[in-house]
Amino acid sequence: MNIDGGTPPIYIVPIDQPTVRVKYVAWDRPGETVRPLQAQWETVPLPDNFQPPPPGGDAEAVVYQPSTGKMWEFWRIQKTGAKAVNSAGKSVDEWGANWGGRMDNIATNRGYWVTTPDGYKFGATASGIPFLAGLITIDELKRGAIDHVVGFALPETLAERWSYPAQRTDGNTHGADAIPEGAIFRLPARLNFDEMDMDPFARMIAKAVQKHGMILWDISGVVGFRAENPANRYPDGHPFWKEGGILRCPPGVDASDPNNQVIYECWAPERLRGFPWDKLQALKTRIAK
Numbered sequence: 040m041n042i043d044g045g046t047p048p049i050y051i052v053p054i055d056q057p058t059v060r061v062k063y064v065a066w067d068r069p070g071e072t073v074r075p076l077q078a079q080w081e082t083v084p085l086p087d088n089f090q091p092p093p094p095g096g097d098a099e100a101v102v103y104q105p106s107t108g109k110m111w112e113f114w115r116i117q118k119t120g121a122k123a124v125n126s127a128g129k130s131v132d133e134w135g136a137n138w139g140g141r142m143d144n145i146a147t148n149r150g151y152w153v154t155t156p157d158g159y160k161f162g163a164t165a166s167g168i169p170f171l172a173g174l175i176t177i178d179e180l181k182r183g184a185i186d187h188v189v190g191f192a193l194p195e196t197l198a199e200r201w202s203y204p205a206q207r208t209d210g211n212t213h214g215a216d217a218i219p220e221g222a223i224f225r226l227p228a229r230l231n232f233d234e235m236d237m238d239p240f241a242r243m244i245a246k247a248v249q250k251h252g253m254i255l256w257d258i259s260g261v262v263g264f265r266a267e268n269p270a271n272r273y274p275d276g277h278p279f280w281k282e283g284g285i286l287r288c289p290p291g292v293d294a295s296d297p298n299n300q301v302i303y304e305c306w307a308p309e310r311l312r313g314f315p316w317d318k319l320q321a322l323k324t325r326i327a328k
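Residue numbering for the sequence shown follows the working numbering, starting at 40 and increasing by one per position.
See the structure below:
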């Protein structure tokens, strides 16, 4: 379960949030530009507390403005070291990103980043499935219910081909048993998870997969889900690890290390205990390339 790394924070901004340009920067190819993408980032309502994961990994982030229906995704975003002037006339730090995009009306979007007539494939995930479609939010985890499809990643996916609604792939595996990005899995409706022995956290995810499915949207070092990155936005403590937090061990769980020192975090092997992986069913794929 990606929490603090390998997953983006989500910033929900008001209609009056000042806007600023986010610069397209290919960090390892100085001077390169992609004009159609830069055009999407000329007026981004970056919040004052914008703080994506540190550079070095994917450094992803999502900005969503409900009042306009617009959403921005960023990949490898970090400060450029320069200054910019926002729409309120204030000097602010300049941010640059290597890829991503802007959706102009997510309420009517088809559920994926549409390839442009010029062949550009925007968005931050390898498959073109938007983060907001499959990311598990902190509010959902606190509420105890996930009411949408769940995105997940595998260490290997099918090369060169993908399944709708995916629009692309970074897969490099060949073979009859390779799974294409965009493949959707479900858990049978007949399963009663309340009667099965599993961690409550695993049960919550299983119920979402049973009702809405889970979609393969990326490659990762492990089989993994993505939860919203807190990105230091919670002054009262880390929502996953603080006392009473989302991923603290449930009462009665032995979370001692070999030296009998209590550790409060229950890592994924424990919190996903009992998830019925062997009951997953793959829906029919719609292969494209």
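All residues carry an ideal CB built from backbone N, CA and C; glycine is no exception.
{"query": "Residue 327 beta carbon less than 9 Å from that of residue 202", "result": "yes"}
{"query": "Exposure label - residue 329; buried when at least 16 CB within 10 Å", "result": "Within the shown structure, residues of the chain are numbered from 40 to 328, placing residue 329 beyond reach of any answer."}
{"query": "Beta bridge counterpart(s) of residue 165 as assigned by DSSP", "result": "Per DSSP, none; premise fails for residue 165."}
{"query": "Beta-carbon proximity check, residue 85 vs residue 56, cutoff 9 Å", "result": "yes"}
{"query": "Supposed contact pair residue 107 and residue 359 - C-beta distance, whole angstroms, cut 8 Å", "result": "Since the displayed the chain opens at 40 and closes at 328, residue 359 lies outside it and no answer follows."}
{"query": "Sub-9 Å separation of residue 169 and residue 142 beta-carbons", "result": "yes"}
{"query": "Residues near residue 138 by beta carbon distance below 6 Å, same chain, minus five either side", "result": "114"}
{"query": "Counterpart residues of residue 130 in DSSP-defined beta bridges", "result": "124"}
{"query": "Identified DSSP bridge partners for residue 76", "result": "In the DSSP output, where bridge partners are listed per residue, residue 76 has none listed."}
{"query": "Buried or exposed (CB count within 10 angstroms, at least 16 for buried), residue 245", "result": "buried"}
{"query": "Distance between residue 163 and residue 211 (C-alpha atoms, nearest Å)", "result": "18 Å"}
{"query": "Cβ neighbours of residue 324 in the same chain (closer than 7 Å, five flanking residues each side left out)", "result": "202, 219, 222"}
{"query": "Reduced DSSP category for residue 272 - H, G, I as helix; E, B as strand; rest coil", "result": "coil"}
{"query": "Test item: CB-CB of residue 313 and residue 243 under 9 Å", "result": "no"}
{"query": "Among 240, 173, 135, the one whose alpha carbon lies nearest that of residue 183", "result": "240"}
{"query": "Outcome for residue 51 when other beta-carbon atoms lying within 10 angstroms are tallied against a minimum of 16", "result": "exposed"}
{"query": "Backbone secondary structure at residue 103 - three-state DSSP", "result": "strand"}
{"query": "Buried/exposed call for residue 231, threshold 16 Cβ in 10 Å", "result": "exposed"}
{"query": "Residues bridged to residue 117 [DSSP beta-bridge criterion]", "result": "135"}
{"query": "Straight-line gap, residue 278 to residue 177 (C-alpha atoms, nearest Å)", "result": "8 Å"}
{"query": "Whole runs of the beta strand (DSSP E) within the region 204-272, excluding any shorter than 3 residues", "result": "223-225, 253-258"}
{"query": "Close-in-space but distant-in-sequence residues of the same chain around residue 337 (CB under 6 Å, 5 per side omitted)", "result": "No answer is possible for residue 337: it lies beyond the span of the chain, which begins at 40 and ends at 328."}
{"query": "C-beta atoms of residue 59 and residue 124 nearer than 9 Å", "result": "yes"}
{"query": "N- and C-terminal bounds of the alpha helix (DSSP H) containing residue 181", "result": "177-182"}
{"query": "Cα-Cα separation, residue 110 to residue 40", "result": "24 Å"}
{"query": "Heavy atom of the ligand ZN within 8 Å of residue 284 beta-carbon", "result": "As far as ligands go, the structure on display features none, and thus does not contain the ligand ZN."}
{"query": "Coarse secondary structure for residue 170, derived from DSSP in three states", "result": "helix"}
{"query": "CA nearest to the CA of residue 44, picked from 197, 70, 98, 185", "result": "98"}
{"query": "Proximal residues to residue 90 (C-beta, below 7 Å), its chain only, five neighbours per side dropped", "result": "270, 271"}
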